[in-house]
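Report on the structure given below.
Residue numbers (the numbering used here): 21 to 142.
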């Protein structure tokens, strides 16, 4: 048994190595879920600017898009890591855990668990 994940959990080497492999795979997420430039511009125009004549450069919108991509990717990774850590803790409590069911589904609840710390680190 290894003391892993920095959470005071006792985990087996197999579980820890599986977690590390999946985490590394998550860190390579491509930006397939990029927010459209037009969407960012519409949000800025409708919510941020009081004067309708305010102009937004394409470079500004691209910068915001890159920032949002990083923010979303980090939120997904942290939600996933938190969910896996929680499942490892629950796995220790269950004697008959099904090892074939390794599907992890993230929901808004997983995001809610990590969003406080994520926003503080902005």
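We treat Cβ as the ideally placed atom computed from N, Cα and C, and that holds for glycine.
Collapsed DSSP secondary structure at residue i in the structure displayed
| i | result |
| --- | --- |
| residue 125 | coil |
| residue 69 | coil |
| residue 141 | coil |
| residue 106 | helix |
| residue 59 | helix |
| residue 80 | helix |
Local Cβ density within 10 Å of residue i, reported as buried at 16 or more and exposed below that
| i | result |
| --- | --- |
| residue 130 | buried |
| residue 87 | exposed |
| residue 98 | buried |
| residue 22 | Residue confidence is low: residue 22 scores 36 on pLDDT, short of 50, so the model does not pin down where it sits. Its coordinate-derived value is still stated next. Exposed, because fewer than 16 other Cβ atoms sit within 10 Å of the Cβ of residue 22. |
| residue 134 | buried |
When the options are compared against residue i, the one with the closest alpha-carbon
| i | options | result |
| --- | --- | --- |
| residue 78 | 60, 72, 93, 70 | 60 |
| residue 123 | 103, 69, 85 | 103 |
| residue 141 | 95, 106, 100 | 95 |
| residue 56 | 125, 89, 136, 132 | 89 |
| residue 85 | 132, 127, 62, 101 | 62 |
CB contact check: residue i to chain C, cutoff 8 Å
| i | result |
| --- | --- |
| residue 74 | Any reference to chain C falls outside this structure, which holds one protein chain only. |
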